[in-house]
Ligand SMILES: *Cc1c(COP(=O)(O)O)cnc(C)c1O
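In my numbering, the protein residues as written are -10 to 447.
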């Protein structure tokens, strides 16, 4: 581990998770080529523990739920199963993955956006018992599915607390897509739906869930949401003496370092703890679930790409890699600034290249590297304007040269799941570092496979 050298200048307290040393990296690249994702299993376990530990001061029991949507790779799911985390699933496909990885359906919280009868039947049939509903229509479908299968699911209501959120991705705002408001004159309100659940014998009311957004750096929105929920629960209790909650499920949002310092989960937990514990005192025993996708996976993965072309005009230098937004979508979609670092050279290739190109490129580039006025653009291989990677404050690209490699850090969340074949591109392999060994956990797809998949052989 001591051999790992990080060349990036990082702000205080921040660090990047370089879990692979140069020697192993060279070996893995030789074996699998680039582009290539490398996931570190140990980091996944560490993150699950860190997040759980952050909420130690809560008076009730706490569990961490992994949001499968962030990275559904089976090896990642199996890794988290060792940590006995709960899983936040959103589609029958995710349930299938969880099931095929031998997950226990008791460890699922099913939070769907579509909420149709077929999927609720599928979920209940497969043993899922904790369901979060987000609409009155969904509630009716769940009642129907529960009747058909003759089971009594634990039902939570996803509320939209309609609080202001300062984050990259906001999921809570007035009249937003997700959840239902507390009150209102329509059936799509928590007040109406709680009464509906309490008044029938088919569902068992379990509690509330809210998800405010992702990469949330200002935690006041959580406290505001809890305050609103607290008052709402007091009102509900007055109106329905049997009203009680067993679970409060707080959605994702725990942020990850990409270049700007972000608060830690400890800090996040601390800012909510007083309110959470006072709610515990007011409303009686309930368990807390902390959901996370990004925090649990992002830092556990590095994308390795190779510099395959370069050009320069005026003060602009383009460094073109064999990656693109087809394997790192959020760089285009959200202008996500992943920290990037240039690493060692593939010597043999460089020599060939020098012979072929008559040395014109490399020497010029090297000289210009001294000159910091160059505007360096890190571009992908796609023929698309958006395929230029935003660079993080801590990215280090000055020493770019043909045939060197670019590491993209913290790409474990919302990247592999978005892989797409734009420009007839195959999916890169995924290698996982487990107990010091590097194991292939996803093969690359082939161009023949893609041709067949697209109907080429029909
Ligand atoms: C996406 C999502 C999460 C995970 O969000 P992160 O910011 O990645 O932690 C959690 N809960 C729900 C309901 C989600 O939709």
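In this text, a Cβ means the ideal position worked out from N, Cα and C, and glycines have one as well.
Backbone CA spacing between residue i and residue j [nearest angstrom]
{"i": "residue 331", "j": "residue 221", "result": "52 Å"}
{"i": "residue 45", "j": "residue 218", "result": "22 Å"}
{"i": "residue 281", "j": "residue 377", "result": "28 Å"}
{"i": "residue 351", "j": "residue 393", "result": "Any reading at residue 351 is ruled out, since the residue's pLDDT is 38, under 50, leaving its predicted position unreliable."}
{"i": "residue 441", "j": "residue 426", "result": "34 Å"}
{"i": "residue 250", "j": "residue 382", "result": "11 Å"}
{"i": "residue 142", "j": "residue 444", "result": "41 Å"}
{"i": "residue 56", "j": "residue 36", "result": "13 Å"}
{"i": "residue 62", "j": "residue 70", "result": "13 Å"}
{"i": "residue 390", "j": "residue 287", "result": "27 Å"}
{"i": "residue 208", "j": "residue 447", "result": "53 Å"}
{"i": "residue 428", "j": "residue 262", "result": "40 Å"}
{"i": "residue 7", "j": "residue 422", "result": "12 Å"}
{"i": "residue 176", "j": "residue 234", "result": "21 Å"}
{"i": "residue 435", "j": "residue 415", "result": "6 Å"}
{"i": "residue 322", "j": "residue 58", "result": "16 Å"}
{"i": "residue 199", "j": "residue 364", "result": "43 Å"}
{"i": "residue 433", "j": "residue 150", "result": "43 Å"}
{"i": "residue 97", "j": "residue 299", "result": "48 Å"}
{"i": "residue 121", "j": "residue 164", "result": "19 Å"}
{"i": "residue 275", "j": "residue 53", "result": "15 Å"}
{"i": "residue 313", "j": "residue 407", "result": "12 Å"}
{"i": "residue 172", "j": "residue 267", "result": "23 Å"}
{"i": "residue 272", "j": "residue 224", "result": "12 Å"}
{"i": "residue 388", "j": "residue 4", "result": "21 Å"}
{"i": "residue 64", "j": "residue 325", "result": "25 Å"}
{"i": "residue 178", "j": "residue 169", "result": "5 Å"}
{"i": "residue 357", "j": "residue 307", "result": "Annotation note: pLDDT 37 at residue 357 (below 50); position unreliable, no value reported."}
{"i": "residue 180", "j": "residue 148", "result": "10 Å"}
{"i": "residue 253", "j": "residue 77", "result": "22 Å"}
{"i": "residue 304", "j": "residue 123", "result": "52 Å"}
{"i": "residue 258", "j": "residue 42", "result": "10 Å"}
{"i": "residue 248", "j": "residue 329", "result": "10 Å"}
CB-CB length for residue i against residue j, believed under 8 Å
{"i": "residue 458", "j": "residue 197", "result": "Examination of residue 458 is not possible in this model, given that the chain is present from -10 through 447 alone."}
{"i": "residue 132", "j": "residue 192", "result": "6 Å"}
{"i": "residue 206", "j": "residue 155", "result": "7 Å"}
{"i": "residue 14", "j": "residue 68", "result": "At roughly 21 Å, the Cβ-Cβ gap does not stay under 8 Å, so residue 14 and residue 68 are not in contact."}
{"i": "residue 400", "j": "residue 318", "result": "Not a contact, Cβ separation roughly 10 Å."}
{"i": "residue 84", "j": "residue 60", "result": "So it is not a contact: roughly 16 Å between Cβ atoms."}
{"i": "residue 101", "j": "residue 79", "result": "6 Å"}
{"i": "residue 395", "j": "residue 260", "result": "Their Cβ separation, rounded to whole angstroms, is 36 Å, which puts residue 395 and residue 260 out of contact at 8 Å."}
{"i": "residue 92", "j": "residue 113", "result": "Rounded, the Cβ-Cβ distance is 16 Å, inconsistent with contact."}
{"i": "residue 17", "j": "residue 420", "result": "6 Å"}
{"i": "residue 201", "j": "residue 211", "result": "7 Å"}
Of the listed residues the options, nearest to residue i (C-alpha basis)
{"i": "residue 284", "options": "295, 301, 246", "result": "246"}
{"i": "residue 138", "options": "127, 118, 54, 152", "result": "118"}
{"i": "residue 39", "options": "256, 89, 157, 199", "result": "256"}
{"i": "residue 11", "options": "365, 437, 417, 333", "result": "333"}
{"i": "residue 105", "options": "135, 432, 328", "result": "135"}
{"i": "residue 153", "options": "140, 215, 102, 43", "result": "215"}
{"i": "residue 403", "options": "420, 387, 327, 368", "result": "327"}
{"i": "residue 386", "options": "95, 309, 438", "result": "309"}
{"i": "residue 367", "options": "419, 301, 412", "result": "301"}
{"i": "residue 190", "options": "170, 293, 144, 173", "result": "144"}
{"i": "residue 417", "options": "252, 9, 21", "result": "21"}
{"i": "residue 157", "options": "405, 168, 320", "result": "320"}
{"i": "residue 203", "options": "244, 127, 51", "result": "244"}
{"i": "residue 438", "options": "419, 88, 413, 170", "result": "413"}
{"i": "residue 270", "options": "47, 9, 124, 18", "result": "47"}
{"i": "residue 315", "options": "161, 405, 19, 82", "result": "405"}
{"i": "residue 103", "options": "303, 125, 90", "result": "125"}
{"i": "residue 24", "options": "311, 87, 94, 127", "result": "311"}
Output the residue ranges of the alpha helix (DSSP H) runs that lie fully inside the stretch 53 to 101 and measure 4 residues or longer, sorted by chain position.
Considered as a whole, the stretch 53 to 101 harbours 63 to 71, 81 to 89 as its complete alpha helix (DSSP H) runs of no fewer than 4 residues, in chain order.
Touch test, the stretch 238 to 247 against the stretch 262 to 281, Cβ-Cβ under 8 Å, three pairs minimum:
Three or more beta-carbon pairs drawn from the stretch 238 to 247 and the stretch 262 to 281 are found closer than 8 Å, and the two stretches are therefore classed as touching.
If you scan the stretch 108 to 174 from start to end, which runs of the alpha helix (DSSP H) of 4 or more residues do you find wholly inside it?
Complete alpha helix (DSSP H) runs here, min 4: 125 to 138.
Take every Cβ of the stretch 121 to 137, pair it with every Cβ of the stretch 95 to 110, and state whether three or more of those distances are shorter than 8 Å.
Taking 8 Å as the limit for Cβ pairs, the verdict is that the stretch 95 to 110 does touch the stretch 121 to 137.
Runs of 4 residues minimum, wholly inside the stretch 205 to 268: which ones carry the alpha helix (DSSP H) assignment?
You should have 209 to 228.
When you compare the stretch 367 to 376 with the stretch 25 to 34, are there three or more beta-carbon pairs, one atom per stretch, that lie closer than 8 Å?
As far as the Cβ criterion goes, the stretch 367 to 376 does not touch the stretch 25 to 34, which means the pair count is below three.
With contact counted as at least three CB pairs below 8 Å, one residue from each stretch, are the stretch 179 to 189 and the stretch 228 to 238 in contact?
Between the stretch 179 to 189 and the stretch 228 to 238, the count of Cβ pairs shorter than 8 Å is three or higher; the stretches touch.
Please specify which runs of the beta strand (DSSP E), each continuous and at least 3 residues long, are wholly inside the stretch 281 to 330, giving them in chain order.
Counting whole runs of 3 or more residues, the stretch 281 to 330 contains the beta strand (DSSP E) stretches 290 to 302, 305 to 310.
Complete runs of the beta strand (DSSP E) confined to the stretch 5 to 52 [at least 3 residues]
Counting whole runs of 3 or more residues, the stretch 5 to 52 contains the beta strand (DSSP E) stretches 25 to 29.
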